[in-house]
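For the record, in the sequence shown the residue sitting at position 126 is 251 according to the working numbering, with numbers rising by one throughout.
Here a beta-carbon is modelled for each residue, glycine too, at the ideal position from N, C-alpha and C.
What follows is a short report on a single structure.
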Amino acid sequence: MQVFKFGGASVRDANGIKNLASVLKLVGSANTLIVVSAMGKTTNAIEIVIKNYFNNKAELQSSIQDVKKYHNQILLDLFTNEKHIVFKKVTLLFEELNVFLKSNKSPDYNFVYDQIIGFGELISTTIINEYLNTIGLKSNWLDVREYIKTDNYYRSANVNWEQTQKQISATFNKSILNITQGFLGSDSNNFTTTLGREGSDYTAAIFAYCLNAEHVTIWKDVPGVLNADPRYFENAQLLNKISYREAIELAFYGASVIHPKTLQPLQRKEIPLYVKSFLHPEQPGTMVAKEMSLEPNIPCFIVKKNQVLIALSSLDFSYIVEENISEIFNLLHVYKMKVHVIQNSAISFSVCVDNVYGNLEVLLQQLKAKFKVMCYNNVSLYTIRHYNKPVVEQLEKDKVVLLKQLTEETMQLICE
Ligand code: ADP
Ligand code: ASP
Ligand code: MG
């Protein structure tokens, strides 16, 4: 049993979908589950639909039209026969979306978000499933919400492993080619939930765990896990082999090539993870497995842009002690700030956060009541694993370093 994950980039147009089919032909499609994301940037486009639904009704229909037009072009490029059932199926999904928008009474943004956002994955898997069957690759479409059961923490739901295992063991047919949606699950009332943005890698890992798969492959637009994001670093090099631990560290610090939650279930059952190029499927890519030493053993760079550095100091030169720190963390938790670095001294405390939910202003107001607050917006957080002097000097060159922190293996720099 093998599990594949194809992300948005791999299926962003008709050629991408044809390529997905060639990958399956090349590497085999028996005993296979493919987990697929929404096509291209569809999830971002549906986020606009959701924003319009709440705040700008006048633009609502035109934002839905954008999503429709994009998929319609892909349909026309893939299917020559306009009477093909797939046109009807996709139309029905858009109708379902409109029915929800008309009938919904809930003012809960996160709940509504999850009921709407998943249409991206439902549409992509419907199109790809029909295409595969049309070209003779027999595949079976599954609604992932019948398998992955979660709590109702909408937009970042937690998997109920016991129930998920039960659902998968009960009805999943391992011997055929199955296709299902990444990112989605459902709660105990069968409302759609999501596992967090970019969560489809995690979906693949959940299935692999519950099915005792032999391996998981995530197909990407890069040759594998590189020692840096090629969008920001020149000459990024392929890592041939890395351990689960190294991959967990890289993902934790923000190497967005693997969703951070993906590795833990795989590591628990020692299921190897391959990260490969969908454009060069014959190449080996990166293998993530147990006790693998980093090969080649080189420094790895991770950058997180648009971070916020908040530097706090006491108003009266008193020490910042446990009580103050717990108060600060409570506020960070309440305002859902993702904390990446903390550093403290006797009278100061600095924290680098990601303002994902837009709560920065209200957080700062609260902090200002108790502390002297300095806030640096739009800073970059660089993490270097396995750093050495030359690479640090190179990175620091022409940057203003606001904060630096190091352990034996990892250096973090916050720069303006
Ligand atoms: P998907 O199509 O599966 O959603 P993503 O776009 O989320 O794929 O992930 C692939 C992208 O991750 C690459 O295009 C690359 O820019 C970025 N990336 C960030 N860090 C790394 C890294 N260390 N190695 C390879 N790619 C990386
Ligand atoms: N489509 C979702 C997103 O863009 C999930 C994923 O691609 O993994 O966040
Ligand atoms: Mg993605």
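Going by beta-carbon coordinates alone, are ILE331 and TYR378 separated by less than 7 Å?
no
Return the first residue and the last residue of the alpha helix (DSSP H) that PHE236 is part of.
234-242
Enumerated in chain order, which unbroken segments of the alpha helix (DSSP H) with a length of 4 residues or greater are wholly contained in the region 450-497?
485-493
So, are the CB atoms of ILE304 and THR289 less than 7 Å apart?
no
Taking DSSP's pairing of strands, which residues face LYS429 in a bridge?
LEU506
Verify whether the separation of the beta carbon atoms of ILE423 and ASN352 is less than 7 Å.
yes
Compute the minimum distance between the beta carbon of GLU323 and the heavy atoms of the ligand MG, and state whether it is under 6 Å.
yes
Exposure label - GLU339; buried when at least 16 CB within 10 Å
exposed
Could you give the distance in angstroms between the alpha-carbon of TYR178 and the alpha-carbon of LEU185?
6 Å
C-alpha gap between ASN206 and ALA146, whole angstroms:
19 Å
According to DSSP, what are the bridge partners of ALA155?
DSSP lists no partner for ALA155.
Reference VAL148; option with closest CA among ASN502, ILE396, PRO406, GLU541:
PRO406
Report the rounded CA-to-CA distance for LYS287 versus ALA436, giving the unit in angstroms.
For clarity, residue 287 is Glu in the given sequence; the question names Lys instead. So the alpha carbons of these two residues sit roughly 43 Å apart.
What is the DSSP secondary structure of SER135, reduced to helix, strand or coil?
helix
Looking at the unbroken beta strand (DSSP E) that takes in ASN303, where does it start and where does it end?
302-306
Is there contact between the region 528-536 and the region 466-473, where contact requires at least three CB pairs shorter than 8 Å?
yes
Restricting to Cα atoms, I'd like to know which of ASN480, THR535, SER300, VAL498 is closest to LYS514.
THR535
Who pairs with LEU200 in a beta bridge, going by DSSP?
None, per the DSSP bridge assignment.
Option in VAL160, ASN315, LYS493 with minimal Cα separation from ASN449
LYS493
Using the three-state DSSP reduction, which class does TYR399 fall into: helix, strand or coil?
strand
Same chain only: Cβ atoms within 8 Å of ILE293, ignoring 5 sequence neighbours per side:
TYR272, PHE332, CYS335, LEU336
The beta strand (DSSP E) spanning ILE539 covers which residue range?
535-540
Check for me: the beta strand (DSSP E) holding ILE367 runs from which residue to which?
366-368
Taking contact to mean 3 or more Cβ pairs, one atom from each stretch, closer than 8 Å, check whether the region 353-373 and the region 316-323 are in contact.
no
Range of the contiguous alpha helix (DSSP H) that encloses ILE175
167-180
How long is the line joining the alpha carbons of VAL382 and VAL400, rounded to whole angstroms?
9 Å
Decide yes or no for the touch test of the region 307-314 against the region 240-253: beta carbon pairs closer than 8 Å, at least 3 of them.
yes
For THR250, does the three-state DSSP call read helix, strand or coil?
helix
Express the C-alpha separation of ASP346 and ILE396 in angstroms, rounding to a whole number.
23 Å
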